[in-house]
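Colleague: First, the structure itself, so that you have it in front of you.
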Amino acid sequence: MKTTLFAVIDTNVIVSALISTNPESPPFIIMAHVYAGSIIPVYNDEIIREYRDVLSRPRFHLSLEGIENALSVIQSYGLNLERTQVEGTSFPDSKDAVFYEVKMSREDAYLITGNIKHFPRNPLVVTPREFLDIMSTIED
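Going by the numbering used here, the first residue of the sequence shown is number -7, and it counts up by one from there.
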């Protein structure tokens, strides 16, 4: 049986997936699951803008076509949710708040990030590797 999980995917994971030449890397595999429909990306307009801004940086050498294709898949297969304000929570980088707050809009959504220390402790805030481990235990 195919398991579908919901996840807000931090920008650093998207960048790593798109610049990776290693199809075995956890970020690459996560994006493959997005394309296959086994991960439903959760986002809002702010997150899409952040993805586009960061992915368009010249240092990543990503084509406009590749960027737009990835964003199109996220928006086509994903779930656009509003932020849920979380009182008393601070972030080392204020731009990270939107990812956590959108994650909090859906109780069963994960937040997949390479910068786990930037977010409040929460069992559903996980690294790419941890998320793949969770997927494998659910699919067994």
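From the three backbone atoms N, C-alpha and C, an ideal C-beta is built for every residue, glycine too.
Under 8 Å, do Val94 and Arg75 count as touching if we go by C-beta distance?
Modeller: Numbered from its first residue, the sequence shown carries residue 94 at position 102. Numbered from its first residue, the sequence shown carries residue 75 at position 83. In contact: Val94 and Arg75 (Cβ atoms closer than 8 Å).
Colleague: Quick one, are the C-beta atoms of Ile57 and Lys87 less than 8 Å apart?
Modeller: Position 65 of the sequence shown holds residue 57. Position 95 of the sequence shown holds residue 87. Ile is not the amino acid found at residue 57; the sequence shown has Glu there. In this structure, Lys87 does not lie closer than 8 Å to Glu57 by Cβ.
Colleague: Counting along the chain, where does the beta strand (DSSP E) carrying Leu73 start and finish?
Modeller: Residue mapping note: residue 73 aligns to position 81 of the sequence shown, counting from 1. Counting along the chain, Leu73 falls outside any beta strand (DSSP E), and DSSP gives it neither H nor E.
Colleague: Straight-line CA distance for Asp85 to His110?
Modeller: On the sequence shown, residue 85 is found 93 positions in, with the first residue counted as 1. On the sequence shown, residue 110 is found 118 positions in, with the first residue counted as 1. For Asp85 and His110, the distance between alpha carbons rounds to 7 Å.
Colleague: Pull up the distance between the alpha-carbon of Ile40 and that of Glu60, whole angstroms please.
Modeller: Taking the sequence shown and counting its residues from 1, one reaches residue 40 at position 48. Taking the sequence shown and counting its residues from 1, one reaches residue 60 at position 68. Cα to Cα, Ile40 sits roughly 11 Å from Glu60.
Colleague: Over the uninterrupted alpha helix (DSSP H) stretch that includes Ala89, give me the two end residues.
Modeller: On the sequence shown, position 97 is the one that residue 89 refers to. 89 to 95 is the extent of the alpha helix (DSSP H) around Ala89.
Colleague: Relative to the alpha-carbon of Ala101, which residue among Leu63, Leu71, Gly80 has its alpha-carbon at the smallest distance?
Modeller: For the purposes of this step, residue 101 is identified with residue 109 of the sequence shown, where counting begins at 1. It is Leu71 whose Cα lies nearest to the Cα of Ala101.
Colleague: Which parts of the segment -3 to 45 are runs of the alpha helix (DSSP H), unbroken and 4 residues or longer, counting only runs that do not cross its ends?
Modeller: Runs found: 3 to 11, 18 to 28.
Colleague: Should Val118 be labelled buried (16 or more other beta-carbon atoms within 10 Å of its own) or exposed?
Modeller: Counted from its first residue, the sequence shown places residue 118 at position 126. Val118 is buried by the Cβ-count criterion.
Colleague: Could you check how far apart the C-beta atoms of Gly106 and Ser30 are, in whole angstroms? I think they sit under 8 Å.
Modeller: The residue given as residue 106 occupies position 114 in the sequence shown. The residue given as residue 30 occupies position 38 in the sequence shown. Incorrect: roughly 20 Å between the Cβ atoms, too far for contact.
Colleague: Where does Leu116 fall in DSSP's three states?
Modeller: If you number the sequence shown from 1, residue 116 lands on position 124. In this structure, Leu116 counts as coil in the three-state DSSP scheme.
Colleague: Taking the alpha-carbon of Pro33 as reference, which of Arg98, Glu122, Arg49, Arg51 has the nearest alpha-carbon?
Modeller: The sequence position of residue 33 within the sequence shown is 41, counting from 1. When each option's Cα is compared against that of Pro33, the closest is Arg98.
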